[in-house]
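All residue numbers for the sequence shown refer to UniProt numbering, where the first residue is 6 and numbers rise by one. For glycine and all other residues, C-beta sits at the position ideal for the given N, C-alpha and C. Being a predicted model, the structure only gives us computed values, none of them experimental.
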Amino acid sequence: LGGSITRALHKMNNTTVIDEKALTDCLNEINRALLQSDVRFELIRDMQINIKNIVNLEQLAAGHNKRKIIQQAVFDELCRMLNPGKPSFVPKREKTSVVMFVGLQGSGKTTTCTKYAHCYQKKGWKPALVCADTFRAGAFDQLKQNATKAKIPFYGSYMESDPVKIAVEGVERFKEEDHDLIIVDTSGRHKQEASLFEEMRQLSEATKPDLVIFVMDSSIGQAAFNQAQAFKQIVAVGAVIITKMDGHAKGGGSLSAVAATKSPVIFIGTGEHMDQFEVFEVQPFVSRLLGMGDLSGLIDKIHGVVPMDQQADLVQKLSKGNFTLRIMYEQFQNALKMGPMGELVSMIPGFSSELIPQGHENESSAKLKHYMTMMDSMTNEELDSSNPKLINESRMMRIARGSGRLVREVLELMEVYKRIAKEFSKISRCRNPQDMVKSFP
Ligand code: GDP
Ligand code: MG
């Protein structure tokens with residue numbers, strides 16, 4: 006997606022005469038890209054109308070950077086669309102909160118419940134989990150397993166078949182035990198069946214949740230809007246969590262879920278593991294969706310700098326989001342090859358301003374060389390892992406000694422690595438590696 010939008014904007018270079026038609030053509034191309042990314046057609050249409058109102062043709066004609074103006078307008082508008090205000094309720098420590106999770110079967114409710122509880126537990130809360138899914142065989146076992154692993158108290162039953170009864174009992178029990186956050190996991194069905202909605206309505210009436218969270222699988226694509234709307238019509242959805250953002254989903258469905266529920270996305274799930282859970286932030290998400298300051302430019306550069314036979318390989322590595330120290334090393338190497346401070350490095354998100362301040366290109370090259378010397382003292386295992394924890398204090402001291410640098414510098418290198426790796430994983434998550442490889446001519 007980022008690539009197609011970049012292309013659309015590139016077509017409109019600064020010599021293009023900007024008239025109504027040129028703007029429409031450019032927006033149409035952006036719209037096509039958004040549609041491919043599962044953004045709902047109606048939302049795109051609204052956005053186009055708004056952007057035409059925002060973007061002032063005269064301003065464009067006056068020789069300002071047209072691409073920037075349009076890109077900024079699209080960015081702002083998408084941010085606005087993803088920003089419907091605060092969730093209907095935010096748990097507070099003083100009073101016990103009941104939070105109910107709803108969503109289709111397989112959307113990730115049970116997994117996400119535990120992640121959510123774990124996230125609060127880490128902050129010192131006392132969460133507890135209630136399994137009100139009596140529909141799916143093994144549902145209670147699954148919750149029990151997750152909860153046990155996370156050391157979170159849970160409630161459920163193998164015998165009782167009435168989910169409402171279990172939910173009420175569980176909530177009461179945990180209220181008595183002074184838990185401050187009680188999370189109710191509900192069942193789902195494959196489809197939006199009447200029986201599911203009736204059960205959900207009864208559960209909501211009986212447990213009176215302070216917050217209902219709608220959990221949606223990011224890969225459902227264009228179906229997102231109707232699905233979210235169907236849930237919102239039955240229960241008072243007040244927040245959304247999007248799961249499986251680690252897959253190849255393009256993420257556009259998030260906009261639909263927000264529009265349909267008029268509720269914000271509060272977290273995203275980025276893997277099956279408990280810690281693969283992030284607070285949702287609108288602006289980085291939209292940047293990723295649009296491919297701004299991201300790999301799309303970098304990939305063009307890779308084409309120019311990285312030897313042909315290594316290109317696809319590097320793109321594959323990057324798209325997996327496993328940004329290892331070795332990949333960073335190779336990037337530094339390429340950057341240095343490019344002469345006075347590689348443009349490539351300046352395109353790595355989160356890298357440019359600090360490492361290569363304007364006018365200090367020579368010092369930056371020296372710094373990169375020092376970083377590489379330190380990496381030369383690392384083991385293969387360390388270079389090929391994407392887990393910076395491998396390099397503990399004693400390893401840092403060893404690396405410093407081995408490379409003749411200071412421990413402080415090794416520490417700095419690891420900070421740089423973590424920051425870049427984080428940027429890369431954010432960006433690569435929403436990308437289809439196939440698209441990336443195809444973007445080579
Ligand atoms: P439920 O039916 O809504 O309760 O969904 P589950 O919590 O049982 O999840 C269904 C499947 O999706 C399980 O295999 C989970 O491990 C998986 N899953 C849930 N969240 C994520 C996520 O963020 N990323 C990935 N890759 N898998 C997830
Ligand atoms: Mg479940």
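Annotation for Lys255 indicates a beta carbon at 6 angstroms or more from all heavy atoms of ligand 1.
Going by DSSP, Phe179 is part of the alpha helix (DSSP H) stretching over 168 to 181.
With a cutoff of 6 angstroms, Thr115 counts as near ligand 2, since its C-beta is closer than that to a heavy atom of the ligand. Taken from the Cβ of Asp280, every heavy atom of ligand 1 lies 6 angstroms or farther away. The three-state secondary structure of Leu134, taken from DSSP, is strand.
In the three-state reduction of the DSSP assignment, Tyr163 falls in the coil class, being assigned neither a helical nor a strand state. Rounded to the nearest angstrom, the gap between the Cα atoms of Ala155 and Met250 is 22 angstroms. Taking the C-beta atoms as reference points, Phe272 is found no nearer than 7 angstroms to Asp190.
Ligand 1 never approaches Glu198 closely enough for any of its heavy atoms to be under 6 angstroms from the residue's Cβ. Ranked by how close their Cα comes to the Cα of His278, the residues Cys84, Phe46, Lys120 have Lys120 in first place.
Under the Cβ criterion (8 angstroms, minimum of three pairs), the segment 130 to 149 counts as touching the segment 109 to 120.
A contact is defined here as three or more CB-CB pairs under 8 angstroms, and the segment 193 to 213 fails this definition with respect to the segment 120 to 132. For the segment 208 to 254, the full-length alpha helix (DSSP H) segments reaching 4 residues or more read 229 to 239 along the chain. In this chain, Phe328 is not harboured by any alpha helix (DSSP H), its DSSP state being neither H nor E.
In this structure, Pro393 sits away from Pro269, with a CB-CB distance that is not shorter than 7 angstroms. Note that the C-beta distance between Val287 and Lys114 is not below 7 angstroms. Placement of the Cβ of Thr153 at a distance of 6 angstroms or more from every heavy atom of ligand 1 is found.
About 6 angstroms separates the CB atoms of Leu260 and Leu87; that is less than 8 angstroms, so the two are in contact.
Taking C-beta atoms under 8 angstroms as the contact rule, Ala262 and Ala229 qualify, at a distance of about 5 angstroms. For Gln238, the closest C-alpha among the options Gly252, Pro214, Gly258, Arg206 is that of Arg206.
When rounded, the separation of the alpha-carbon atoms in Lys170 and Leu208 is 9 angstroms. One Cα belongs to Ala211, the other to Ala152, and the distance between them is close to 24 angstroms.
Beta bridge pairing from DSSP links Phe272 with Ile246, Val284.
For Leu148, same chain residues with a beta-carbon under 8 angstroms away, outside a window of 5 residues either side, are Thr115, Cys118, Thr119, Leu134, Cys136, Asp138, Phe159, Gly161, Asp190 in chain order.
Considering only Glu177, Met52, Met402, Val415, the residue with the shortest C-alpha distance to Lys372 is Val415. Bounds of the beta strand (DSSP E) holding Phe106 are 102 to 107. Taking a C-beta distance under 7 angstroms as the contact criterion, Gly257 and Ile225 do not qualify as a contact pair.
At least one heavy atom of ligand 2 falls within 6 angstroms of the beta-carbon of Asp138. The residues Phe145, in chain order, have a CB closer than 7 angstroms to that of Tyr163 in the same chain once the five nearest residues on each side in sequence are set aside.
Our two residues, Glu181 and Thr101, have alpha carbons roughly 10 angstroms apart in a direct line. Within its own chain, the residues whose Cβ lies closer than 7 angstroms to the Cβ of Ala172, once the five positions on either side in sequence are excluded, are Val135, Ala137, Val189, Leu208, Ala211, Thr212, listed in chain order.
In the structure shown, Val79 falls within a helical segment according to DSSP collapsed to helix, strand and coil. Checking the 6 angstroms criterion, the Cβ of Glu277 is within range of a heavy atom belonging to ligand 1. In summary, Arg45 is buried, with 16 or more beta-carbon neighbours lying within 10 Å of its beta-carbon over all protein chains present.
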